[in-house]
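A quick write-up on the structure given underneath.
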Ligand SMILES: *Cc1c(COP(=O)(O)O)cnc(C)c1O
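Numbering (this note's numbering), first residue to last: -10 to 553.
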C-alpha cells in the first residue's frame, strides 16, 4: 500500500484471500456470506430498488388511459421510463432499512474531531416543528411573520453577546459559506478604504476604470496557517486571493513572529482557526490580531470550534474582525449527513457596514427585513450600540434570510441552557476531551507532547510504528467494536492523524467504555494481532471500498447491463 506524506493510503488495500468475485462484501475484505440468504441475523442485505423491482410491472393499479390521441407531440417519451415497479411495503422496507444502516449520534458515540457531533435535544426538534416556524414561507408578507423575524433577531443578539462582536450576518448556510461571507466583507472593506483614500483615482462606484484601478490596488494575499481547516484556503482561493501558508511551531500553534515575517503590502487578511485543528488554543492570538491590524489587514477567525471557548473567551476581545459560527455544531442541530446547516458570521465594527443583505431591523413596535441597501445607514440588530449594519453591503449571499429551522433549534438550545449552561457545555467538552486524552496517553502518541487540549484530542500514528497497522486499519477495527471512527488523516500537519472529539454530551460511563475499547485495540496492535486490523471491518455490511475511485469516477446511475 503506498502512502502520501500525511501517512494516508493512496491505493486501496489489496483484496485479501477468499471473497468470491462479485460477492457484495468484496472490495478487499475476506468475509464470504456465512448465511444462505446473505443476511446477518436481523441485519438484512440491501439490494438496490432496481434489483428488487421489475421494470415491466407497476406497484400500483392505475386505470387504463382513455383511448385518445396523444397530445405531447415531439415531447412524447420514446423509450420506456425505466423505473422499477415495487409494492408499497417493498419500497417502505428499502428506505427504512437504509436509514437503519446510518450510524447516528442517536445511535452511539460519534467522536468525529472538528465536527462536534453532540446530542440534539428533542426540545429543539419540537420547537422547530411548531407550525409558526416550520410552515412560514420566505415570500410571506412580513407582517404575518413577525414572530419568526423576532426569533432571528433575538438569536443574532445572543450570537453577538456570546462573541463580543458588533454585528452579525445571519444568512450564510454553512461554515464554509460563512467564511465566504466574511472574506467578501473583508474584500469590500479594502475596496471601500481605497475609495475613501482616493488611491484608486476617485469615485470608483461611478467609474469603471477607477473601479478596476481599486481592484488592482487592493491587497491580494491571505495568510493561512498550515493547521487551518481546509475550507479556509479554499475560501480565500475561491474569491481570487493568493494563499500564503504560515508554518506552525513545534508545539502545533502559530507564533506571532511567523505571521509578522509573512506580512507584506499585499496582505489582505489572515484566516486563523482557533482553537486550531490540532485542538490547541492559539496563545499568540491577541498579538497576531495586532500585527495584522497594524498592517491594515483584517483578521478572519474560523469559529466553527466555538464549542471549546463559548462563555470563556470572547472573539471580540481577541481582535477578531469576522468569524463564522456553525450553529450545526456548537448549538446542536442535526448535521453530518449533508443536511442543512447555518453559519452566521459575526463582524467587528470595521466590517459591519459591508455585511450582506438581507438583515433585520427593529422598526416601530415590530421587525423589518431590509432587502436592499438604502444608502442610508441602517441601525440594526437591536443592541445597545447602534451598528451601521449593511450600510454598504457587499451584496446578497442567499435568496432569503437563511435557515429558519436551524435558527429555531439554536435559539432553543441557547435559551434552555442559559448563559451559565452554555459556559458549562464548553467546560465539559474540554473536560471530556482531556478525559479521553488521559485515558489513552500511555498507549497512544500525541504529536505535540503530553499537555492539555481543548475540545478535541489529537493523536498520530507513531504508536503504531512497526506494528503493520495503519491509522486506516485502526479506524476500521473501531467499526467492528461498534464505534464510528474518529476523524482520520486530518489535520494534514500530522502523520496518520486521529482526531477525537467526544463533546460534552457523553457521560463518564460512555467515555470509559470508549476508552476501554481503544485501549484494547492499541494493545492488540502492539501484540501483533495484525489480522484483526487489516481484515476489518468484519461486521459491517460493506468492507473496504475503493474510496478514491468512488470519488473520482462515481457511478451514480443504475444501468441494467452493468448490474449483473
Ligand atoms: C466544520 C468546520 C468548517 C466547515 O463548516 P461546514 O458547515 O461544514 O461548511 C470550517 N472550519 C472548521 C474548523 C470546522 O470544524
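We put the beta carbon where it would ideally sit given N, CA and C, even for glycine.
This structure is a prediction, so every number in the text was calculated from the model and none was measured.
Do you know offhand how far residue i's Cα is from residue j's?
{"i": "residue 173", "j": "residue 321", "result": "27 angstroms"}
{"i": "residue 79", "j": "residue 27", "result": "18 angstroms"}
{"i": "residue 154", "j": "residue 169", "result": "18 angstroms"}
{"i": "residue 422", "j": "residue 442", "result": "7 angstroms"}
{"i": "residue 280", "j": "residue 515", "result": "47 angstroms"}
{"i": "residue 415", "j": "residue 500", "result": "17 angstroms"}
{"i": "residue -9", "j": "residue -1", "result": "6 angstroms"}
{"i": "residue 480", "j": "residue 289", "result": "19 angstroms"}
{"i": "residue 30", "j": "residue 539", "result": "29 angstroms"}
{"i": "residue 122", "j": "residue 470", "result": "41 angstroms"}
{"i": "residue 307", "j": "residue 466", "result": "42 angstroms"}
{"i": "residue 92", "j": "residue 473", "result": "7 angstroms"}
{"i": "residue 95", "j": "residue 84", "result": "18 angstroms"}
{"i": "residue 535", "j": "residue 524", "result": "15 angstroms"}
{"i": "residue 41", "j": "residue 73", "result": "8 angstroms"}
{"i": "residue 452", "j": "residue 533", "result": "23 angstroms"}
{"i": "residue 112", "j": "residue 402", "result": "8 angstroms"}
{"i": "residue 361", "j": "residue 178", "result": "18 angstroms"}
{"i": "residue 527", "j": "residue 463", "result": "13 angstroms"}
{"i": "residue 186", "j": "residue 198", "result": "16 angstroms"}
{"i": "residue 35", "j": "residue 70", "result": "24 angstroms"}
{"i": "residue 302", "j": "residue 152", "result": "8 angstroms"}
{"i": "residue 46", "j": "residue 75", "result": "8 angstroms"}
{"i": "residue 240", "j": "residue 219", "result": "20 angstroms"}
{"i": "residue 440", "j": "residue 226", "result": "34 angstroms"}
{"i": "residue 230", "j": "residue 347", "result": "26 angstroms"}
{"i": "residue 257", "j": "residue 206", "result": "11 angstroms"}
{"i": "residue 107", "j": "residue 129", "result": "34 angstroms"}
{"i": "residue 150", "j": "residue 405", "result": "16 angstroms"}
{"i": "residue 201", "j": "residue 275", "result": "35 angstroms"}
{"i": "residue 55", "j": "residue 81", "result": "31 angstroms"}
{"i": "residue 48", "j": "residue 521", "result": "45 angstroms"}
{"i": "residue 417", "j": "residue 23", "result": "44 angstroms"}
Could you tell me how far apart the beta carbons of residue i and residue j are, in whole angstroms, since I believe they sit closer than 8 angstroms?
{"i": "residue 315", "j": "residue 164", "result": "4 angstroms"}
{"i": "residue 105", "j": "residue 492", "result": "6 angstroms"}
{"i": "residue 287", "j": "residue 310", "result": "4 angstroms"}
{"i": "residue 399", "j": "residue 138", "result": "Residue 399 to residue 138, Cβ: 16 angstroms. No contact."}
{"i": "residue 88", "j": "residue 530", "result": "Going by Cβ atoms, the distance from residue 88 to residue 530 rounds to 13 angstroms, so no, they are not a contact pair."}
Within the same chain, show all residues whose beta-carbon is closer than 8 angstroms to that of residue i, passing over the 5 residues directly before and after it, in chain order.
{"i": "residue 217", "result": "260, 261, 262, 265, 266, 291"}
{"i": "residue 483", "result": "-5, 267, 436, 447, 449"}
{"i": "residue 434", "result": "448, 449, 450, 451, 452"}
{"i": "residue 512", "result": "432"}
{"i": "residue 238", "result": "244, 247"}
{"i": "residue 134", "result": "125"}
{"i": "residue 508", "result": "428, 429, 432"}
Excluding five sequence neighbours on each side, which residues of the same chain lie with their C-beta closer than 7 angstroms to the C-beta of residue i?
{"i": "residue 167", "result": "161, 313, 332, 333, 334"}
{"i": "residue 102", "result": "445, 475, 476, 488, 489, 490"}
{"i": "residue 270", "result": "263, 264, 443"}
{"i": "residue 148", "result": "157, 314, 333, 335"}
{"i": "residue 319", "result": "105, 295, 296, 299"}
{"i": "residue 382", "result": "343, 344, 345, 346, 362"}
{"i": "residue 59", "result": "65"}
{"i": "residue 568", "result": "Absent from the model: residue 568. The displayed extent of the chain is -10 to 553, so no value can be given."}
Cutting at 6 angstroms between CB atoms, please list the residues of its own chain near residue i, excluding the five before and the five after it.
{"i": "residue 478", "result": "-5, -3, 486"}
{"i": "residue 233", "result": "210, 212, 251"}
{"i": "residue 412", "result": "300"}
{"i": "residue 277", "result": "245, 248"}
{"i": "residue 510", "result": "466"}
{"i": "residue 461", "result": "-2"}
{"i": "residue 317", "result": "324, 330"}
{"i": "residue 498", "result": "none"}
{"i": "residue 353", "result": "none"}
{"i": "residue 16", "result": "Per-residue confidence for residue 16 stands at a pLDDT of 44, beneath the threshold of 50, marking its modelled position as unreliable; no derived number is given."}
{"i": "residue 468", "result": "526, 529"}
{"i": "residue 537", "result": "none"}
{"i": "residue 338", "result": "155"}
{"i": "residue 13", "result": "Note that residue 13 has pLDDT 47, beneath the 50 cutoff, so the model's placement of it is unreliable and the number below is only indicative. So the list is empty, once near-sequence residues are dropped."}
{"i": "residue 11", "result": "Low confidence applies to residue 11: its pLDDT is 40, below 50, so where it sits in the model is not reliable, and the reading given next is rough at best. Here the set comprises nothing."}
Please check if any C-beta of chain C sits within less than 8 angstroms of the C-beta of residue i.
{"i": "residue 416", "result": "As a matter of chain content, chain C is missing from the structure shown, which is built from one protein chain."}
Any heavy atom of ligand 3 inside 7 angstroms of the beta-carbon of residue i?
{"i": "residue 294", "result": "Ligand 3 is not part of this structure, which contains only ligand 1."}
Specify whether the stretch 497 to 508 and the stretch 416 to 436 touch according to this definition: at least 3 beta carbon pairs, one from each stretch, less than 8 angstroms apart.
-> yes
Does the stretch 456 to 466 come within contact of the stretch 61 to 68, defined as at least 3 CB pairs closer than 8 angstroms?
-> no
Would you call the stretch 391 to 404 and the stretch 112 to 119 in contact, with 3 or more CB pairs under 8 angstroms?
-> yes
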